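Novice: Just so we're aligned, residue 140 is where the sequence shown starts under the working numbering, counting upward by one.
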Amino acid sequence: MKNFALIGVGGYIAERHLRAIRDTNNNLLVALDKFDSVGIMDSYFPDTSFFVEFERFDRHIEKLRRKNINLDYISICTPNYLHDSHIRMALRSGADAICEKPLVLNPWNIDALVDVEKQYGKNVNTILQLRLHDSIIALKEKIDNGPKDKVYDVDLTYLTSRGNWYYTSWKGDVSRSGGISTNIGIHFYDMLSWVFGKVKKNVVHGHTHDRAGGYLEFEKARVRWFLSINYDVLPEEIKKKGQRTYRSITVDNEEIEFSGGFFDLHTKSYENVISGKGFGLKDARQSIEIVHEIRNAEKSPLVGDFHPMMKFPDASHPFVKGVI
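#1: Quick check on DSSP: helix, strand or coil for Asn322?
#2: Give the DSSP-derived three-state secondary structure of Phe143 in the structure shown.
#3: Tell me the rounded alpha-carbon separation between Gly150 and His348.
#4: Should Lys359 be labelled buried (16 or more other beta-carbon atoms within 10 Å of its own) or exposed?
#5: Determine which residues share a DSSP beta bridge with Ser367 and list them.
#6: Starting from the Cα of Leu244, find the closest Cα among Asn219, Arg350 and Gln268 and give me that residue.
#7: Using 8 Å as the threshold, is the C-beta distance between Ser320 and Ile368 below it?
#8: For the beta strand (DSSP E) holding Ala236, just list the boundary residues, first then last.
#9: May I ask which residues mark the beginning and end of the alpha helix (DSSP H) holding Phe193?
#10: For Leu168, which of helix, strand or coil comes out of DSSP?
#11: State the Cα-Cα distance for the pair Ile323 and Val343, rounded to the nearest angstrom.
#12: Near Thr187, what residues of its chain come up, given a Cβ to Cβ distance below 7 Å and the 5 sequence neighbours on each side ignored?
#13: Use the C-beta contact count for Leu271: other C-beta atoms within 10 angstroms, 16 or more gives buried, fewer gives exposed.
#14: When the Cβ atoms of the segment 250 to 261 are set against those of the segment 273 to 290, are three or more pairs found closer than 8 Å?
Structure follows, in structure tokens:
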């Protein structure tokens, strides 16, 4: 049985980590969140020590260490801009880190963490669950076993509606979330990198507070991509069904079905980490480089190959912190 701590237990994604820790038959000793609405822990680890102040959390870990109770892993589910700091804290505490994506916001943060890993002799793991999805595994096997010189045409569309709260939260602040391409797109860019190889070209056609689109060229794919959190962008047939999310990936006009199969992917991720097969800094690098370049790129005109949903009217919203 491994000993865990969890930072950010009050967040949306934290329950998947709680379930993964429980379902891999491990123990959560201590948890931290600045908010105290964390009753969800009663369903998983009711005896876990809980703190709302980082200093008391850190002190408790030190007290455990004096009793020869060591943490094996610290799981991190905090806002994106805090990941780098919390990963460092985990390694300094003598634990391996398991961090939600994006692992960090900038490529140079990865370079620095490589040195921190060496300094403390501990490992950084990240959650890249699409690499464990059966449909994506099958797609990679198809590409790997296909013609070596073939370049595929891919369309990626991900529309996941968010309410007004989004723009007031840290997620709506580019300096803390990295913007829409980082916040909701990072796992797709990682998946594309994993399946289609190194990135050769990165063109951004638009990037505002609620949508982004562009063109990515990999060794084995030409990808037109579009992301949005705006409900109005959803296809009418999706709205009529009462749904607020639409995702589609086509490869050479063939739809890749992956709407289901997500329930246990965090548990599979934890199983891999515990068995020494987790995804580390090297695995995360290319997707971090992609979103950093998207975030800082000059916008290109709509010429050549672009996603058909790339239409950008003047965007305005009373809660917008600013347009990228």
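Even glycine gets a Cβ: it sits at the ideal position worked out from N, Cα and C. Since we're looking at a predicted model, the values are computed, not measured.
Specialist: Taking the coordinates as given:
#1: Along the sequence shown, read from residue 1 onward, the residue named residue 322 stands at position 183. Here Asn322 sits in helix by DSSP.
#2: What you label residue 143 is simply residue 4 of the sequence shown in a count that begins at 1. Strand, per DSSP.
#3: As a position in the sequence shown, residue 150 is number 11, starting the count at 1. As a position in the sequence shown, residue 348 is number 209, starting the count at 1. Distance between the alpha carbons of Gly150 and His348 is about 22 Å.
#4: Numbered from its first residue, the sequence shown carries residue 359 at position 220. By the 10 Å Cβ count, Lys359 comes out buried.
#5: For this step, residue 367 is matched to residue 228 along the sequence shown. According to DSSP, which records beta bridges pairwise, Ser367 is partnered with Leu298 and Arg350.
#6: For the purposes of this step, residue 244 is taken as the residue at position 105 of the sequence shown. When each option's Cα is compared against that of Leu244, the closest is Asn219.
#7: The residue given as residue 320 occupies position 181 in the sequence shown. The residue given as residue 368 occupies position 229 in the sequence shown. No.
#8: Counting from 1 along the sequence shown, the entry for residue 236 is found at position 97. Looking at the DSSP string, the run of the beta strand (DSSP E) that includes Ala236 is Asp235 to Cys238.
#9: Here the question's residue 193 lines up with position 54 in the sequence shown. Phe193 to Arg205 is the extent of the alpha helix (DSSP H) around Phe193.
#10: Stepping through the sequence shown from its first residue, residue 168 is reached at position 29. Correct three-state label for Leu168: strand.
#11: For the purposes of this step, residue 323 is taken as residue 184 along the sequence shown, with counting starting at 1. For the purposes of this step, residue 343 is taken as residue 204 along the sequence shown, with counting starting at 1. Rounded to the nearest angstrom, the two C-alpha atoms are 16 Å apart.
#12: The residue you call residue 187 lines up with position 48 of the sequence shown. For Thr187, where only same-chain residues beyond five positions count, the Cβ hits under 7 Å are Leu167, Leu168, Val169, Ala170 and Met180.
#13: Taking the first residue of the sequence shown as 1, we reach residue 271 at position 132. Only buried fits Leu271, as 16 or more other CB atoms lie within 10 angstroms of its CB.
#14: no
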